[in-house]
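Q:
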Amino acid sequence: MFMAKPIKSALIQRYGGIGDSMICTSLARIIKKVYNCKVDFAVRDTLAPLFENLDCFDNVFPIKRFQPGHVDTIKTRYGYAALASLKRKYDLDADMKNSIENNRSGNNFHLGPWANSVNSNYFHWLDMHLSWVNIDWTQIPDAWKRPIYKVTDEESKWAESILNDFKTRIGIQMVASSLARTYYAAHFLPPLLAKRFSAIVLFWDGNQWLIFTKEGRIGNLKCTLRQSAALVSKLNLFISADSGFSHIAEALAVPSISLYSTVPSWTRVKYYKHTIPLEVDIPCRPCFTLQRYCPARQKQAIDSLSKREKRILWAQKNRIPIQVIAQELNTTVEGISREFASIKERLESQSMIQAKCLNLISIDEILLTAENVLKGELKAFKIKKPINVYIEGTKITKIRKIQKILSNEKVEIRFLDLISEAEPSSHLLILTEDVIPP
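Just so we're aligned, residue 38 is where the sequence shown starts under the working numbering, counting upward by one.
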């Protein structure tokens, strides 16, 4: 009779961002509990310090990636060795490389019409990881599926010394690894939150924490990743894009508001207890892209090209000799080169416009959700049917009155600047100033 080899050791490998790596803490905990084995973790070298004091990992190996070819290596006493040479020492090789990017190990990417059918699009990411290591995810308790992080006593004391004078502490990190998941209007939030809640607000600008109080910006703070995590651990509320630190906040049981754009929030936060996702339901979402730009904005940019410009773009993509297309369009080779450079620049710049789905999440919606969280009235997320409200001559005072009028409805309220922004799948309520009570 065939007997499966007992699993005594496992190696999890993930060269990705903070979020991709954080979910591996849950995976390690479950592997340990199910197989009762040793679990080691190979992770991007810049992120390794985040995981070195966690009980779910027996050893953490920093991965250094060499080019060309994305060769992943680990440091040994003899120099750098290929990560693949480490795998043979383990009974379970849990290689999660590209697990989200294309739902398979290696780099054989799915292209064309099959791209949107890969499992990671329609499967909670941890459940998918569990299926890869032959664990029935339906039998695993939800509590085991939440990420793990540990702040040291020294880090905790340091963070408290920074925030000590304030009862209400709010963090904002709206910069993601792609523009399609980055919220451009985030810079409006710090002064509004600081004044409304008499709070200290830490705002991540992509390079450092900017510190705000109701008096305005009072300073800045450059931190290591572990120091930033320690600061997050002391917050009353963390507001973020779909990015890595939102998962650290969940691991630290910090109430969070996370803005989701290209992927459905449930594929990330289905089992979370402290995260409230904000997302919209529009025809082009979810697009599942992990690329830099919003696909709808890219299409909008291409549609804006003239017939001549589209012809030049087509010729370049199909490797038509530049002399041939220059002759066809009655210009010189230099002229075609300059036209193509101009087209490329315009497409790039127009693709950078805020993703449509994030553009529909308003500052007022974030402020209202933050107020409910800080009051303790909103502790778990609920998917609601949205109502879009368009008010002629809208002012913030009138918005607040409408919020009170509709507060008993089990709906999500979104205020629009233009009627055309209304979501097709939602209700639209159009109001004029004269129907709003004084």
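Note that beta-carbon positions come from the ideal geometry of N, C-alpha and C, so glycine has one too.
1) Can you tell me which of the three DSSP states G54 falls into?
2) Is it the case that the Cβ atoms of K75 and D57 are separated by a distance below 7 Å?
3) Apart from the five residues on each side of it in sequence, which residues of its chain come closer than 7 Å, Cβ to Cβ, to L395?
4) Can you confirm whether the stretch 321-329 touches the stretch 196-210 when touching is taken to mean that 3 or more C-beta pairs between the two stretches lie within less than 8 Å?
5) Can you say whether A119 is buried or exposed, counting buried as having 16 or more other CB atoms within 10 angstroms of its CB?
6) What are the residues that DSSP puts in a beta bridge with Q210?
7) Measuring alpha carbon to alpha carbon, tell me which residue in S374, S343, K344, L342 is nearest I357.
8) Determine the contact status of S277 and V188, defining contact as a CB-CB distance below 7 Å.
9) For V315, which of helix, strand or coil comes out of DSSP?
10) Could you spell out where the beta strand (DSSP E) holding P332 opens and where it closes?
11) Distance, Cα to Cα, K101 vs I60?
12) Just the C-alpha distance for L48 and F234, rounded to the nearest angstrom, thanks.
13) List the endpoints of the continuous beta strand (DSSP E) containing D77.
14) Got a sec? Which residues, its chain only, sit under 6 Å from V97 by beta carbon, not counting five neighbours each side?
15) Less than 7 Å between the C-beta atoms of Y185 and S157, yes or no?
16) Looking at the structure shown, is K45 part of a helix, part of a strand, or coil, going by DSSP?
17) Quick one: what does DSSP say P99 is sitting in, helix, strand or coil?
18) Is P314 buried or exposed, if buried means 16 or more other CB atoms sit within 10 Å of its CB?
19) Less than 7 Å separating the beta-carbons of F249 and V238?
20) Per the DSSP calculation, W241 is bridged to which residue(s)?
21) Measuring straight from C-alpha to C-alpha, what distance separates D109 and Q328?
22) What would DSSP say about G143, mapped onto helix, strand or coil?
23) What does DSSP give as the partner residue(s) for N257 in the beta ladder?
24) Out of L397, R125, N135, E197, state which residue places its alpha-carbon closest to the alpha-carbon of H107.
25) Do you know offhand how far S343's Cα is from E376's?
26) Alpha carbon to alpha carbon, how far is D179 from F203? Give it in angstroms, no decimals.
27) Measure from the alpha carbon of L405 to the alpha carbon of each residue in Y127, L274, I255, then state which is nearest.
28) Suppose you measure from the CA of Q50 to the CA of D82; what does that come to, to the nearest Å?
29) Which residue or residues does DSSP assign as beta-bridge partners of V108?
30) In angstroms with no decimal places, state the Cα-to-Cα distance between M211 and I339.
31) By a C-beta neighbour count over all protein chains shown, 10 Å radius and 16 as the cutoff for buried, is I255 buried or exposed?
32) With a cut-off of 8 Å on the beta carbons, I'd call H161 and K307 a contact; round off their distance for me.
33) Looking at P227: is its Cβ nearer than 7 Å to the Cβ of V410?
34) Run through DSSP, which three-state label would L395 get?
35) Could you please give the first and the last residue of the uninterrupted alpha helix (DSSP H) stretch that includes G372?
36) If I follow the unbroken alpha helix (DSSP H) through A196, where does it start and stop?
A: Well, looking at it:
1) coil
2) no
3) Y220, L296, S298
4) no
5) exposed
6) BP columns for Q210 point to S277.
7) S374
8) no
9) Just to set this straight, residue 315 is Leu in the shown sequence, not Val. Reduced to three states, the DSSP call for L315 is strand.
10) Per DSSP, P332 belongs to no beta strand (DSSP E); it is in the alpha helix (DSSP H), 332-340.
11) 20 Å
12) L48 and F234: Cα-Cα distance of roughly 46 Å.
13) 75-81
14) F78, A85, F88, E89
15) The identity of residue 185 in the sequence shown is Ile, whereas the question assumes Tyr. No; because the gap between Cβ atoms is not below 7 Å, this pair is not in contact.
16) Coil at K45, not helix or strand.
17) strand
18) buried
19) Closer than 7 Å, so yes.
20) Under DSSP, the beta-bridge partners assigned to W241 are W246.
21) 22 Å
22) Caution applies to G143, whose pLDDT of 44 falls short of 50 and renders its modelled position unreliable; the value that the coordinates give is listed next. In the structure shown, G143 falls within a coil segment according to DSSP collapsed to helix, strand and coil.
23) L247
24) N135 is the residue among L397, R125, N135, E197 whose C-alpha sits nearest the C-alpha of H107.
25) 12 Å
26) 34 Å
27) L274
28) 12 Å
29) F103
30) 27 Å
31) exposed
32) Your pair H161 and K307 checks out as a contact, with CB atoms roughly 5 Å apart and the cut at 8 Å.
33) no
34) Helix, per DSSP.
35) 370-388
36) 190-200
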